[in-house]
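Residue numbers (our numbering), protein chains in the order written: chain E, 30 to 93; chain U, 370 to 679.
Note that CB positions come from ideal geometry on N, CA and C, so glycine has one too.
Computed from a prediction, not measured in an experiment: that's the story for all the values here.
What follows is a single structure, written as structure tokens, with notes after it.
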Amino acid sequence: MRVQLSHPERSVDIKGPKKAKDVLRELNLVQEAHLVIRGDELITEDELLKDDDLVEIRPVISGG
Amino acid sequence: MNCTKCKTKAVIDLPRHNAAFCTPCFTTYVHHQVLYAIKHQRMFGPDDRILVAVSGGKDSLALWDILLKRGYRADALYVDLGIPGYSAKSRAKVERFADTVARPHGATLQIHTVQEEEGKGIKELANLVHRPTCATCGTIKRYQFNKAAVEQEYDVMATGHNLDDEASRLLGNVLHWQDEYLDKQSPILPASVEGFAKKVKPLYRLSERELAAYALLNKIDYIVEECPMAKGSKMLLYKEVLNRLETESPGTKHRFYWGFLEKQTQAQPASTSMTEKDQALLHPCKTCGQPTTGEICSYCKMMARAKVSK
């Protein structure tokens, strides 16, 4: 699957099927600091992501 | 995973509450957390006029959205700092929200442009006065938001500070034992002296992840991009550390910050001690009249130095 990341903007390919929480773990990202979005839908961490899914992992932390 | 309340498919899980929600139930949860904060901390009433400090980010736009949808009289102020490649984008997000969401509720947006008012952008001002950009930004925003709220007689000024902002700031203050700053960590700062607006933080019970989810699910178009000036800031490091702890031990952040608030209230009501201290320490700035500990406030000092360095 193609995964879109920010800060800096880039995309990576990850082999599916995989649960959202395992994709985060593979990228060394913590759930508490990110949203996982499939297409334009927010999904929970137990959702299974497939090879043809377009995924955005959006950081939620700002400078404060 | 299904919604804890209505059992339909969930879109977000909240480990700290051992819950998951669908979009409508999550929106209700967020609104209830804000309403609880407003009531529990006695922030403002239904007839009060509120000035929301907006930046184009998820937190302040979510706050404005929630207040308007709950029937509060909330206008907003945006301070355009003139950050190259960033301010124009964030300003466009705020203006779009004001046109599409706020105006139909009868709310207005005001814009203060630093370049127009002070003759220079934030980066140039920071260089001229030899201060870090984030510190200069903080001084300008605090000054302009307070000034607008006082001059236009708003009952209260509201900011989008969330649980992560407050917990990370508390961690920073505790790590360096800056106990003189702990009083100011309350979600409500009273109008302790003339010239100070009452300030409230209605989002202190909600995490950044929850607010980003709220913005996304409610189609609030916010600036995802990080401010280029915030790179390498200590606050980001503290937030990262707290989020690692939160992921391993859900609830850490709210137990840390809410626990602090509880202990502070037990020791002495924060508003009483703060009002007494402020009244003893503060007096009007000789240049602009806003409260300050010195003869001239830090904003006026900064602007004077900027003029000399022209």
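Short check: CB of ILE381 (chain U) to CB of VAL403 (chain U), under 7 Å? To locate residue 381 (chain U), count along the second sequence from 1; it is residue 12. To locate residue 403 (chain U), count along the second sequence from 1; it is residue 34. For ILE381 (chain U) and VAL403 (chain U), no; Cβs fall outside 7 Å.
Run of the alpha helix (DSSP H) containing ASP533 (chain U), from where it starts to where it stops: Looking up residue 533 (chain U) in the second sequence gives position 164. For ASP533 (chain U), the enclosing alpha helix (DSSP H) covers residues 532-544.
Could you list the residues in the region 602-628 of chain U with a C-beta less than 8 Å from some C-beta on chain E, going in chain order? SER602, MET604, LEU605, LYS608, GLU609, ASN612, ARG613, GLU615, THR616
Identity of the residues DSSP links to HIS63 (chain E) by a beta bridge: On the first sequence, position 34 is the one that residue 63 (chain E) refers to. According to DSSP, which records beta bridges pairwise, HIS63 (chain E) is partnered with E:PRO88.
Kindly indicate which three-state DSSP category SER555 (chain U) falls into: helix, strand or coil? Translated into positions along the second sequence, residue 555 (chain U) becomes position 186. SER555 (chain U): coil per DSSP, three-state reduction.
With distances taken between CB atoms, is the gap from PRO559 (chain U) to ALA406 (chain U) smaller than 7 Å? Here residue 559 (chain U) refers to the residue found at position 190 when the second sequence is read from its first residue. Here residue 406 (chain U) refers to the residue found at position 37 when the second sequence is read from its first residue. No.
Does the separation of the CB atoms of SER537 (chain U) and LYS608 (chain U) fall below 7 Å? Residue mapping note: residue 537 (chain U) aligns to position 168 of the second sequence, counting from 1. Residue mapping note: residue 608 (chain U) aligns to position 239 of the second sequence, counting from 1. In contact: SER537 (chain U) and LYS608 (chain U) (Cβ atoms closer than 7 Å).
Is any beta-carbon of chain U found at less than 7 Å from that of GLU61 (chain E)? For this step, residue 61 (chain E) is matched to residue 32 along the first sequence. Yes, GLU61 (chain E) counts as interfacial toward chain U.
Please determine if the region 651-671 of chain U and the region 506-513 of chain U are in contact, where contact requires at least 3 C-beta pairs separated by less than 8 Å. yes
Checking 7 Å against the spacing of the C-beta atoms, do ALA467 (chain U) and LEU580 (chain U) come in under that value? Your numbering for residue 467 (chain U) matches position 98 in the second sequence. Your numbering for residue 580 (chain U) matches position 211 in the second sequence. Their beta carbons are not under 7 Å apart, which means ALA467 (chain U) does not touch LEU580 (chain U) by this criterion.
Coarse secondary structure for VAL677 (chain U), derived from DSSP in three states: Stepping through the second sequence from its first residue, residue 677 (chain U) is reached at position 308. Three-state result, VAL677 (chain U): helix.
If I'm right that MET541 (chain U) touches LYS603 (chain U) with Cβ under 8 Å, what's the distance once you round it to whole angstroms? To locate residue 541 (chain U), count along the second sequence from 1; it is residue 172. To locate residue 603 (chain U), count along the second sequence from 1; it is residue 234. As written in the sequence, residue 541 (chain U) is Gly, which differs from the Met given in the question. That pair is a contact at about 6 Å.
In chain E, which residues lie with their C-beta within 8 Å of the C-beta of ASP382 (chain U)? As a first step, residue 382 (chain U) must be located in the second sequence, where it is residue number 13. Going along chain E in sequence order, the residues near ASP382 (chain U) (Cβ under 8 Å) are THR73, GLU74, ASP75.
Less than 7 Å between C-beta atoms, sequence neighbours within five positions excluded: which residues of the same chain meet that for TYR626 (chain U)? Sequence index remark: in the second sequence, residue 626 (chain U) carries index 257 (1-based). Result list for TYR626 (chain U): LEU532, GLU535, ALA536, LEU539, in chain order.
Does ASP548 (chain U) pass the burial test, meaning 16 or more other C-beta atoms within 10 Å, or should it be called exposed? Locating residue 548 (chain U) in the second sequence gives position 179, where the first residue counts as 1. With fewer than 16 Cβ atoms within 10 Å of its Cβ, ASP548 (chain U) is classed as exposed.
The beta strand (DSSP E) that contains VAL470 (chain U), what's its start and end? Here residue 470 (chain U) is taken as the residue at index 101 of the second sequence, counted from 1. Neither: VAL470 (chain U) is in no beta strand (DSSP E) and is coded neither H nor E.
Quick check on CYS503 (chain U): buried or exposed, where buried means 16 or more other Cβ atoms within 10 Å of its Cβ? Counting from 1 along the second sequence, the entry for residue 503 (chain U) is found at position 134. Its Cβ being crowded by 16 or more others within 10 Å, CYS503 (chain U) is buried.
Please confirm whether SER40 (chain E) has its beta-carbon closer than 7 Å to some beta-carbon of chain U. Residue numbering aside, residue 40 (chain E) sits at position 11 when the first sequence is read from its first letter. False, the Cβ-Cβ gap to chain U never drops below 7 Å.
Selection from U:ASN387, U:THR377, U:GLN635, U:GLY426 that minimises the alpha carbon distance to TYR583 (chain U): Counting from one through the second sequence, the residue named residue 583 (chain U) turns up at place 214. Taking only the C-alpha atoms, the option nearest TYR583 (chain U) is U:GLY426.
Who are the Cβ neighbours of LYS622 (chain U) in its own chain at under 6 Å, not counting the five residues just before and after it? One-based indexing of the second sequence puts residue 622 (chain U) at position 253. Taken in chain order, the residues that qualify are LEU532, ALA536, LEU611, GLU615.
Please determine if the region 79-88 of chain E and the region 382-392 of chain U are in contact, where contact requires at least 3 C-beta pairs separated by less than 8 Å. Judged by Cβ distances under 8 Å, the region 79-88 of chain E makes no contact with the region 382-392 of chain U, as fewer than three pairs qualify.
If PHE395 (chain U) sits next to VAL525 (chain U), beta carbons under 8 Å apart, how far is it from one beta carbon to the other, in whole angstroms? Numbered from 1 along the second sequence, position 26 holds the residue referred to as residue 395 (chain U). Numbered from 1 along the second sequence, position 156 holds the residue referred to as residue 525 (chain U). Actually they do not touch by this definition, with Cβ atoms about 27 Å apart.
Please state the DSSP three-state secondary structure of ASP75 (chain E). As a position in the first sequence, residue 75 (chain E) is number 46, starting the count at 1. Coil.
Entirely within the region 425-475 of chain U and at least 4 residues each: give me those alpha helix (DSSP H) ranges in chain order. 427-438, 456-466
Which ranges does the alpha helix (DSSP H) cover as unbroken runs of at least 4 residues, wholly within the region 587-648 of chain U, from first to last along the chain? 603-617, 621-636
Would LEU575 (chain U) be called buried (16 or more neighbouring beta carbons within 10 Å of its own) or exposed? Sequence index remark: in the second sequence, residue 575 (chain U) carries index 206 (1-based). Looking at its Cβ environment, which holds 16 or more other Cβ atoms inside 10 Å, LEU575 (chain U) is buried.
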